[in-house]
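**Student:**
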Amino acid sequence: MKAFTDVFIPLAYMVAAAFFIIGLQWLSSPKRARQGNVLSAVGMLIAVIATVLLEEIVDYTMIGVGLAIGALAGIVVARKVKMTAMPQMVGILNGFGGAASALVAIAEYFRYSSATMPSIDTSITIMLTTIIGAVTFSGSVVAAGKLQEVISGRPILFPLQQLVNLLFFLASVGIGAYLVISFGDPWLFLIMTTVALVLGVLFAIPVGGADMPVVICLLNSLSGIAGALAGFVVSNNALIISGALVGASGLILTQIMCVAMNRSIANVLFSGFGAHVQSSGAAVAGKAVKPIQAEEAAISLAYARLVIIVPGYGMAVAQAQHAVRQLADELDKRGVDVRFAVHPVAGRMPGHMNVLLAEANVPYEKLYEMEQINDEFSRADVALIIGANDVVNPAARHDVGSPIYGMPILNADHAKQVIVNKRSMNPGFAGIENELFYNDNTSMLFGSAQDAIAKVTKAIKEL
Amino acid sequence: MTEGLLSAIYIFVLASFAGFSVITKVPQLLHTPLMSGSNAISGIAVVGAILVGGRLEGQLQTILGLVAIALATVNVVGGYLVTDRMLEMFKKKPGEKK
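Going down the list, the sequences are from chains A and B. For the first sequence, this note's numbering begins at 1 and goes up steadily by one. For the second sequence, this note's numbering begins at 1001 and goes up steadily by one.
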């Protein structure tokens, strides 16, 4: 039996890892993505079964209880969660993953004592896993709290913040390094863990709500790295491979988000962007916006050939995606070519806007990425902007003084006519005036997205 | 450095490269399911948790293991199910929606 499991279990882990990679590969097209996810889940099941079969596993009660509690909770959250709340959900799950890895390392730490010190590389990985897992956990809880608006979504800043962060970072690493050498003292180990938990909080609180996609991606990556490190601790290749995959995925997404905002990761994490309302607005001084009524907007849209809709987070907050889809359907019936232009940072996590529109049954063929659609705006008769702001602000192109200067934007201003739906003239999240609203070919359709869009749809039906 | 650690680092680096090359091909459209799906994969920590919780080494290990198993399982089950829920929405063909 032992010889059999010695061969079977590592092979099972290898199969699991292969399934994870193939599953991720199938995510490259919406047609096969769902099967890919199932395959990945099967891989996980294989890995879990293989682990339970390991000879050293003797206590099945606790495992059963843990799996049952976790599975039940997982099923409930996955069913209940609203699509608008996906970023929080992913955030908190990242935190759980990080916490699980840290707990594995903590449990391993307490197996040893100064008398039975583990090898140096085991103790290094124990300390690293504990620190990274703890930072991932508390950082994710704060990020999810901010997204859920339990904690203020605005950046929370205090004097000497970066110095304090640096001190906490050095403290956790310093204590960790000391423990690698001396190992003993469980109190010091607990202090290190606590310092790491505080560090996670400090890391997440200065980041503003609109920058959350970056933080969520980074925490996603950290949860993977923590998992891989936990794999080093318990010498398990399945953990190392899967952790590396997730770490890579999170890093790529972090990079994509930063490029889409033309900001460095350091700038996102440390600048407290949007804490102070900046007014660059020199270009808009003395200009007034032109309001438009639903009926007028309906005529422009109904007789257009190409309409490009630019949805932003405001649309999601107003739960207006269904109203928007009805409008698109109505236009579609009249033979108008309707497309959706999705900016990479629209929403609160990568790809969030696509999910919200898919939930409202907008076919994914109608969703276009920025690079695909930016040249089409000049052909568009109407660009309809719903709850988006900074991602269509032309100041990003030419106003060197603007905080969003250099950020790639959607060329909505190139359309023949621009209709902007907004509740009021309050500036967007970054607190920047938007020149687009003051352009000659721009009209403002005021009102909450759901009402305003429904009115337009009604007016089109009556035409 | 022990040989075990070295081969673990080998595996880690190679898997990272595999991850990079596969994930750069995922379109923006599917980035949210990618995150929740990869999130579920990071729930693989459940394997580590089973190892520390199931060995019957001491009460502390058992309790920590139990908590870790439960947390990682929420991650795994919640992650895969919610990803499936999202991908189901993407799979619908335009003709089926009305």
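Idealized CB from N, CA, C, for every residue including glycine. Treat the numbers as computed from the prediction; the structure is a model and nothing was measured.
1. Looking at the C-beta of Gln1059 (chain B), does it have a partner C-beta in chain A at a distance below 8 Å?
2. Would a check of beta-carbon distances place Glu1003 (chain B) closer than 8 Å to chain A?
3. Taking the continuous alpha helix (DSSP H) assigned at Leu251 (chain A), which residues delimit it?
4. Quick one: is Gly250 (chain A) buried, meaning 16 or more other Cβ sit within 10 Å of its Cβ, or exposed?
5. Going along the stretch 128-151 of chain A in order, which residues come within less than 7 Å of chain B, judged by CB to CB distance?
6. Hey, out of A:Val58, A:Val42, A:Ser235, A:Gln148, whose CA is closest to Ser123 (chain A)'s CA?
7. Can you give the beta carbon distance from Met315 (chain A) to Pro344 (chain A), rounded, assuming they're within the 8 Å contact cut?
8. Could you work out which residues of chain B lie near Gln25 (chain A), taking near to mean beta carbons separated by less than 7 Å?
9. Where does Glu1003 (chain B) land, buried or exposed, given buried means 16+ other C-beta within 10 angstroms?
10. Reducing DSSP to helix, strand and coil, say where Gln278 (chain A) ends up.
11. Would you kindly report the start and end of the unbroken beta strand (DSSP E) that includes Asn421 (chain A)?
12. Enumerate in chain order the residues of its own chain whose CB-to-CB distance from Asp121 (chain A) is below 8 Å, with the five nearest sequence positions on each side excluded.
13. Strictly below 8 Å CB to CB, what residues from chain B border Asp6 (chain A)?
14. Glu55 (chain A) by DSSP, collapsed to three states: which one?
15. For Phe169 (chain A), collect the residues of the same chain with a Cβ closer than 8 Å to its Cβ; drop the 5 residues on either side in sequence, then sort them by chain order.
16. Quick check: Ile1023 (chain B) and Leu1030 (chain B), are their CB atoms within less than 8 Å of each other?
17. Are the stretch 203-219 of chain A and the stretch 73-86 of chain A in contact at 8 Å, needing three or more beta carbon pairs?
18. If you measure from the beta carbon of His276 (chain A) to each beta carbon in chain B, is any gap under 8 Å?
19. Return the bridge partner residues of Ser443 (chain A) from the DSSP annotation.
20. Quick check on Phe158 (chain A): does DSSP put it in helix, strand or coil?
21. Where Ser1021 (chain B) and Phe20 (chain A) are concerned, what is the direct C-alpha to C-alpha distance, given to the nearest angstrom?
22. So, with DSSP's three-state summary, where would you put Ile299 (chain A)?
23. Are there any heavy atoms of the ligand NAD lying less than 7 Å away from the beta-carbon of Gly70 (chain A), as far as the coordinates show?
24. By Cβ distance below 7 Å, which residues in the same chain neighbour Gly133 (chain A) in space, the five residues on each side in sequence not counted?
25. If contact means a Cβ-Cβ distance below 8 Å, which residues of the stretch 232-243 of chain A contact chain B?
26. Can you grab the Cα-Cα spacing for the pair Met83 (chain A) / Ala50 (chain A), in whole Å?
27. From the DSSP output, which residues share a beta bridge with Ile308 (chain A)?
28. Can you find a C-beta in chain B that's less than 8 Å from the C-beta of Thr194 (chain A)?
29. Given a cut-off of 8 Å on the beta-carbon distance, is the pair Gln1059 (chain B) and Val1052 (chain B) in contact?
30. Is the Cβ-Cβ distance between Pro350 (chain A) and Ile409 (chain A) less than 8 Å?
31. Could you have a look at Glu369 (chain A) and say whether DSSP puts it in helix, strand or coil?
32. Quick one: what does DSSP say Pro394 (chain A) is sitting in, helix, strand or coil?
33. Report the residue ranges of all beta strand (DSSP E) runs contained in full by the stretch 107-184 of chain A; include only those spanning at least 3 residues, in chain order.
34. By the three-class DSSP mapping on this structure, what secondary structure does Pro291 (chain A) have?
35. In three-state terms, what does DSSP make of Phe20 (chain A)?
**Tutor:** This is what the structure holds:
1. Counting from 1 along the second sequence, the entry for residue 1059 (chain B) is found at position 59. Under the Cβ distance rule, Gln1059 (chain B) does not count among the residues neighbouring chain A, no pair being separated by less than 8 Å.
2. Within the second sequence, the letter at position 3 stands for residue 1003 (chain B). Judged by the 8 Å Cβ criterion, Glu1003 (chain B) is not in contact with chain A.
3. For the purposes of this step, residue 251 (chain A) is identified with residue 251 of the first sequence, where counting begins at 1. Start and end: 237-261.
4. Within the first sequence, residue 250 (chain A) is the residue found at index 250, counting from 1. So Gly250 (chain A) ends up on the buried side.
5. Against chain B - using a Cβ distance shorter than 7 Å - the stretch 128-151 of chain A contributes no residues.
6. Locating residue 123 (chain A) in the first sequence gives position 123, where the first residue counts as 1. Checking every option, the nearest Cα to that of Ser123 (chain A) belongs to A:Ser235.
7. Sequence index remark: in the first sequence, residue 315 (chain A) carries index 315 (1-based). Sequence index remark: in the first sequence, residue 344 (chain A) carries index 344 (1-based). No, Met315 (chain A) and Pro344 (chain A) are not in contact; Cβ-Cβ is about 16 Å, not under 8 Å.
8. Residue 25 (chain A) sits at position 25 when you count from the first residue of the first sequence. Under the 7 Å cutoff, chain B gives Val1022.
9. Working through the second sequence from its first residue, we reach residue 1003 (chain B) at position 3. The residue is exposed, with fewer than 16 neighbouring Cβ atoms inside 10 Å.
10. As a position in the first sequence, residue 278 (chain A) is number 278, starting the count at 1. Unreliable positioning characterises Gln278 (chain A) in this predicted model, as indicated by a pLDDT of 47, which lies under 50. The coordinate reading is nonetheless provided below. In the structure shown, Gln278 (chain A) sits in coil (DSSP, three-state: anything other than H, G, I, E or B).
11. What you label residue 421 (chain A) is simply residue 421 of the first sequence in a count that begins at 1. Note, Asn421 (chain A): beta strand (DSSP E), 417-422.
12. Here residue 121 (chain A) corresponds to residue number 121 of the first sequence, with the count starting at 1. For Asp121 (chain A), the CB contacts under 8 Å within the same chain, skipping 5 residues up- and downstream, are Phe232 in chain order.
13. By one-based count along the first sequence, residue 6 (chain A) stands at place 6. In chain order: nothing, as chain B lies at least about 16 Å away.
14. By one-based count along the first sequence, residue 55 (chain A) stands at place 55. Coil, per DSSP.
15. Working through the first sequence from its first residue, we reach residue 169 (chain A) at position 169. Correct list, in chain order: Leu199.
16. On the second sequence, position 23 is the one that residue 1023 (chain B) refers to. On the second sequence, position 30 is the one that residue 1030 (chain B) refers to. Contact: no.
17. no
18. What you label residue 276 (chain A) is simply residue 276 of the first sequence in a count that begins at 1. At His276 (chain A), the pLDDT of 47 sits below 50, so the modelled position is not reliable; the number obtained from the coordinates is stated separately. Not closer than 8 Å to any Cβ of chain B, the Cβ of His276 (chain A) fails to qualify, so no.
19. For the purposes of this step, residue 443 (chain A) is taken as residue 443 along the first sequence, with counting starting at 1. A:Ile419, per the DSSP bridge assignment.
20. The sequence position of residue 158 (chain A) within the first sequence is 158, counting from 1. Coil.
21. Walking along the second sequence from the start, residue 1021 (chain B) turns up at place 21. Walking along the first sequence from the start, residue 20 (chain A) turns up at place 20. In a straight line, the C-alpha of Ser1021 (chain B) is about 14 Å away from that of Phe20 (chain A).
22. Here residue 299 (chain A) is taken as the residue at index 299 of the first sequence, counted from 1. Ile299 (chain A): helix per DSSP, three-state reduction.
23. Within the structure as shown, the ligand NAD is missing, as the structure has no ligands at all.
24. Within the first sequence, numbered from 1, the residue matching residue 133 (chain A) stands at position 133. Cβ neighbours of Gly133 (chain A) beyond the five flanking positions: Gly98, Ala99, Ser101, Ala102, Ala105, Ala226.
25. Phe232, Val233, Val234, Ser235, Asn236, Asn237, Ala238, Leu239, Ile240, Ile241, Ser242, Gly243
26. Position 83 of the first sequence, counting from 1, holds the residue named residue 83 (chain A). Position 50 of the first sequence, counting from 1, holds the residue named residue 50 (chain A). Looking at the two C-alpha atoms, the distance is approximately 34 Å.
27. The residue given as residue 308 (chain A) occupies position 308 in the first sequence. DSSP output for Ile308 (chain A) lists A:Arg339, A:Ala383 as bridge partner(s).
28. Sequence index remark: in the first sequence, residue 194 (chain A) carries index 194 (1-based). For Thr194 (chain A), the nearest beta carbon of chain B is not closer than 8 Å to its own beta carbon.
29. Residue 1059 (chain B) sits at position 59 when you count from the first residue of the second sequence. Residue 1052 (chain B) sits at position 52 when you count from the first residue of the second sequence. Val1052 (chain B) is positioned such that its CB atom lies no closer than 8 Å to that of Gln1059 (chain B).
30. Residue numbering aside, residue 350 (chain A) sits at position 350 when the first sequence is read from its first letter. Residue numbering aside, residue 409 (chain A) sits at position 409 when the first sequence is read from its first letter. Against a cut-off of 8 Å, the Cβ pair of Ile409 (chain A) and Pro350 (chain A) comes out as no contact.
31. Along the first sequence, one-based indexing puts residue 369 (chain A) at 369. If DSSP states are grouped into helix, strand and coil, Glu369 (chain A) belongs with the strands.
32. As a first step, residue 394 (chain A) is located in the first sequence; it is residue number 394 there, counting from the start. Of the three classes helix, strand and coil, the one that applies to Pro394 (chain A) here is coil, per DSSP.
33. none
34. Here residue 291 (chain A) is taken as the residue at index 291 of the first sequence, counted from 1. Three-state DSSP puts Pro291 (chain A) in a strand.
35. Within the first sequence, numbered from 1, the residue matching residue 20 (chain A) stands at position 20. Helix.
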